Structure formats: structure tokens, C-alpha cells
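Numbering (my numbering), first residue to last: 23 to 426. Below is one structure, written out as C-alpha cells; comments come after it.
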């Protein structure tokens, strides 16, 4: 399967333009994000499908807590298989909710997720129903056929109910993994062989990569990984994602409040090759912070300085660059600007550091790349956004790449 095939597959998924843009750019530039937690089922199944055909070694949902692992493995195999079948037969691509989580519920879910990993499990199972009529009989339940979580209309969720949802989501992820156990086992065996060959060539070990990544997590975000799941895997040679070839991906996640941190460590010399992260409220916040097309050039110039400080202070990169450019996208039909500003720092030898920032100045991604690959990725994103806008509105548009 070629990268173009993956791009077409992403374009066929019913994401909004921002999410689709992120996935397309991930496929082109090798940036895999943790995903948005509200699209739990599609994120997991999409990753499993890619994994099963050997395209990407995306972790579905690592179960690293021994207590959670025991809980998952204690389930009857028949129930696990039935749950996997229900996921595949669901009539929609992603979960939805009868109302949004309140800010207080989101905060509690993040805390309860960390406690869940430490063994705080719900007393009862989430109620699952097969029809809207049945759903109307419950304040809190999950409608299997449509993937809708019915939340209480006139009150907030209790801690027990939030734990039930966390537990249900974890069991679904486990069911998907079990359904693809043979493919995953084969992938891990091939990965083991690659790691052995790497060790013979003088590369770093997985344990060393985790230690290096943990240092960056602390340096960049001030986090030590407490209360989050950690997963790591080796990314070997892969023509579809050359930017990640021969790296260890070490990632931390808290699916309760939708926080994900991915770091790719060079498997030979231990340097940081890529970083990406997302937070629970960052999409909404970044949309609110986006400037008008008229104000964007001046704002993009400010962000150049923020990106440089990130390189110098957070990553301790003191290199000299022969060229520094910023890029963002603008829809010509309405002047809407893209969510991210890409700032590219090009060295004399052609290699480059790419720092992607939100308009509020928050650094979202870092990648070692080249100017050519960066600009090709932007072209791919521009085409996808234009096509998406036309599909959704019937209104033709183009997307300009603005360079400063």
C-alpha cells in the first residue's frame, strides 16, 4: 500500500477538516498523533487496520497497569469476541454523546482515569442497550447500534458512571487488540529481530530510549509521566514514513482528559527526531485564538520567535540556520486560517528543524525534516482541506500556502 492510498483512505473518513488535515499530514510527514479521545473507536480500529497490514506500528491502547491487565484478561473470551464483533458492526465511524461533558466532568475524568490505572474500578458495568426506546429508560447508557453515549440531561455524571465509561472504553480497546492478536504477535517478532540487528550495529536499547524520552518529557512539559500510560515500540525501515525510520517511539497518554505525548528517539544516536502532543481543550482553544487573514502575517512573525526559543531553551539546540521561514494555510473563499503555524529552521546541509505552533503560541509538534518534505506536506494538506470544504458546503475553494 502506497502513502497515496492511505491519504485517500483518510479523505474518506468523516472527520472534520482540522482532524483530517492532521491525519493527512501525519501520513505524509510521519507524524502520528495520539488522536482525539472523543473518536475512541475509530482511532483504535484505524490503528489496528494499519497495523494488521504492516503499514504503521501504531499502538492501539497500551495496557501497562498490571491491575488493569489482569482485569482485561479475566474477561470470558466469548464476551471479548462479542464486543469486538459489536464494534465492527457499529453503523457509525465514531462515538457521539447526547450532550457535551461539562468542564467539571472533564476534569474529574482525567483524575479518575489515573486512579483507574491504579486499580480503582467501577462497581457495576455500563448499561448497553439496542434501541432508542431502551435508552430512554436509562439516565446513563450506551446505544450499541449507533455508538451513542446517553448522558444524564439534568445532572452531572457521578464518579461511578465516569469509571464505568472508562472501563467500557478500555475493554473495547482490549477486544480489538485480541481480535488482531496474531498480526500483532507477528509484528512484534519482526520488531524484535530489528532491535537485535540494531544492537549489533551499536544502537541504543529500548530501555535507553525510554530514559531519554522521559528526560525530554520533563524538560519540555515538566511532567514525569505519573498518572499516565506509557508505551514504546521500535519503528524500523518503512518507505511510507521515512521520517520515523529507525526510531523508538515512546508515548505517554491519559485518555481520561485526552492528553497524549509522543516522542521519537533516534535508535542509533539517541537524539530526538520528533515530538507531538495534544491536550484535552487545545482544539477549541486554538480555534478561538486564530487570527484573521489580515492579522495573521504579523502574528506568524511573532511565532517565529516563540519557535526559536523552544529550540534553544527546551531542546537545547544552538545550531546556526541559514534560513528561517513560517508557513500557514488560508482558505481563499472565506479567509479562514489553519490551526497551526509551521516554522522551519533550515541548516546549511539541507536538514531542518520544524516547529509547529498554535496561534496562541503553544508548541504542538517538532520534527527533524527537510524544506522539500515540509513544503510537500503543506501542499498535501492544502489540497485535502480544499476538497473537504467543497464536499461539505458545495462551494469551490482553494487553499493558499502563505510563506513569511
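Even for Gly, the Cβ is constructed at its ideal location relative to N, Cα and C. Here the structure is a predicted model, which means the values were calculated and not measured.
{"query": "Taking the Cβ atom as the reference point for each residue, do residue 178 and residue 127 lie within a distance shorter than 8 Å?", "result": "yes"}
{"query": "Closer than 7 Å by C-beta to residue 124: which residues in its own chain qualify, once you throw out the five before and the five after it? Chain order, please.", "result": "178"}
{"query": "Please identify the residue among 149, 247, 418 whose C-alpha is closest to the C-alpha of residue 354.", "result": "418"}
{"query": "Kindly indicate which three-state DSSP category residue 370 falls into: helix, strand or coil?", "result": "coil"}
{"query": "Quick one, which of 208, 144, 216, 358 has its alpha-carbon nearest residue 423's?", "result": "358"}
{"query": "Would you kindly check if the distance between the Cβ of residue 289 and the Cβ of residue 256 is under 8 Å?", "result": "yes"}
{"query": "Please state whether the Cβ-Cβ distance between residue 301 and residue 281 is less than 8 Å.", "result": "yes"}
{"query": "For the region 223-234 against the region 129-140, do three or more pairs of beta-carbon atoms, one drawn from each stretch, fall closer than 8 Å, so that the two count as touching?", "result": "no"}
{"query": "Expressed to the nearest angstrom, what Euclidean distance is found between the alpha-carbon atoms of residue 425 and residue 317?", "result": "14 Å"}
{"query": "Tell me which residue opens and which closes the alpha helix (DSSP H) that residue 243 is part of.", "result": "228-243"}
{"query": "Quick one: is residue 122 buried, meaning 16 or more other Cβ sit within 10 Å of its Cβ, or exposed?", "result": "exposed"}
{"query": "Find the nearest neighbour of residue 420 within the set 371, 367, 352, 396, judged by alpha-carbon distance.", "result": "352"}
{"query": "Look up residue 181 in the DSSP assignment and say whether it is helix, strand or coil.", "result": "helix"}
{"query": "Apply the 10 Å Cβ neighbour rule to residue 189 and answer buried if 16 or more other Cβ atoms are within range, or exposed otherwise.", "result": "buried"}
{"query": "Counting C-beta neighbours from all protein chains within 10 Å, is the total for residue 356 16 or more, i.e. buried, or is it exposed?", "result": "exposed"}
{"query": "Express the C-alpha separation of residue 185 and residue 158 in angstroms, rounding to a whole number.", "result": "21 Å"}
{"query": "Please list, in chain order, all residues of the same chain as residue 170 whose beta carbon is under 8 Å from its beta carbon, the five residues on each side excluded.", "result": "117, 118, 119, 120, 157, 164"}
{"query": "Quick one: what's got a C-beta closer than 7 Å to residue 181's C-beta in the same chain, skipping five residues either side?", "result": "130, 134"}
{"query": "Skipping 5 residues on each side, what residues in its chain have a beta carbon closer than 8 Å to that of residue 292?", "result": "226, 230, 231, 234"}
{"query": "Look at the alpha carbon of residue 77 and the alpha carbon of residue 364, and state the distance between them as a whole number of angstroms.", "result": "Because residue 77 carries a pLDDT of 35, less than 50, the predicted location of this residue cannot be relied on, and the following value inherits that uncertainty. Using only the alpha carbons, I get a separation of about 26 Å."}
{"query": "Starting from residue 265, trace the alpha helix (DSSP H) both ways and give me its first and last residue.", "result": "Careful: residue 265 lies outside any alpha helix (DSSP H) and carries neither H nor E."}
{"query": "From which residue to which residue does the alpha helix (DSSP H) around residue 284 run?", "result": "That residue, residue 284, is in no alpha helix (DSSP H); its beta strand (DSSP E) goes 281-288."}
{"query": "Among the candidates 264, 268, 201, whose CA atom is the shortest distance from the CA of residue 1?", "result": "Residue 1 lies beyond the stretch modelled for the chain, which goes from 23 to 426, so this question has no answer here."}
{"query": "Give the DSSP bridge partners of residue 334, in chain order.", "result": "Answer by DSSP bridge pairing: none, since residue 334 is not bridged."}
{"query": "May I have the straight-line CA-CA distance separating residue 152 from residue 162, to the nearest angstrom?", "result": "14 Å"}
{"query": "Once the 5 residues before and after residue 415 are set aside, which same chain residues still bring their CB inside 8 Å of it?", "result": "none"}
{"query": "According to DSSP, which residues form a beta bridge with residue 170?", "result": "118, 165"}
{"query": "Keeping to the same chain, check which residues put their C-beta closer than 6 Å to that of residue 400; ignore five residues upstream and five downstream.", "result": "349, 423"}
{"query": "Does the distance from the C-beta atom of residue 432 to that of residue 380 stay below 8 Å?", "result": "Residue 432 lies beyond the range of the chain shown here (23 to 426); nothing can be said about it."}
{"query": "Using the three-state DSSP reduction, which class does residue 88 fall into: helix, strand or coil?", "result": "helix"}
{"query": "Who pairs with residue 345 in a beta bridge, going by DSSP?", "result": "368"}
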